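**Student:**
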Amino acid sequence: MTETPRDEWITLNGLSFHYRDWGGSGQPIVLLHGLASTCHIWNLVAPILAEDFSVVALDQRGHG
129 MTETPRDEWI TLNGLSFHYR DWGGSGQPIV LLHGLASTCH IWNLVAPILA
179 EDFSVVALDQ RGHG
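Residue numbers for the sequence shown follow our numbering, so the first one is 129 and each next one is one higher.
Below you can see the structure in the form of structure tokens.
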């Protein structure tokens with residue numbers, strides 16, 4: 129398993145977005161949550177994926 133994910137923010141075109149970065153190495157995977165959810169929905173799956181991939185989960189606009 130990987131270490132605790134990093135909570136980060138990025139600003140694009142004046143809008144701020146939250147994302148979680150589980151690190152990892154290999155091909156990147158971007159995880160997107162569904163309606164009425166946040167990036168935290170991936171807390172159980174992302175560490176497993178991070179064993180083989182570089183994993184980032186984004187909070188969609190208006191969530192998280």
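Every residue gets a Cβ at the ideal spot worked out from N, C-alpha and C, and that includes glycine. Predicted model only: the values in this text are computed from it and were never measured.
Which same chain residues, not among the five before or five after Val184, have their C-beta less than 6 Å away from its C-beta?
**Tutor:** Counted from its first residue, the sequence shown places residue 184 at position 56. Tyr147, Asp149, Val158, listed in sequence order.
**Student:** Just the C-alpha distance for Leu143 and Glu179, rounded to the nearest angstrom, thanks.
**Tutor:** Reading the sequence shown from its first residue, position 15 is the one you call residue 143. Reading the sequence shown from its first residue, position 51 is the one you call residue 179. If you take the alpha carbons of Leu143 and Glu179, they lie about 31 Å apart.
**Student:** Based on the DSSP output, what are the partners of Trp202 in its beta bridges?
**Tutor:** A question about residue 202 goes unanswered here, because the residues of the chain that appear run from 129 up to 192.
**Student:** Quick one: grab the DSSP three-state call for Leu117.
**Tutor:** The chain is shown only over 129 to 192; residue 117 falls outside these bounds and no answer can be derived.
**Student:** For Leu159, name the three-state secondary structure that DSSP assigns.
**Tutor:** What you label residue 159 is simply residue 31 of the sequence shown in a count that begins at 1. Strand.
**Student:** Quick one: is Ala174 buried, meaning 16 or more other Cβ sit within 10 Å of its Cβ, or exposed?
**Tutor:** Counted from its first residue, the sequence shown places residue 174 at position 46. Classification of Ala174: buried, given that the 10 Å Cβ count is 16 or more.
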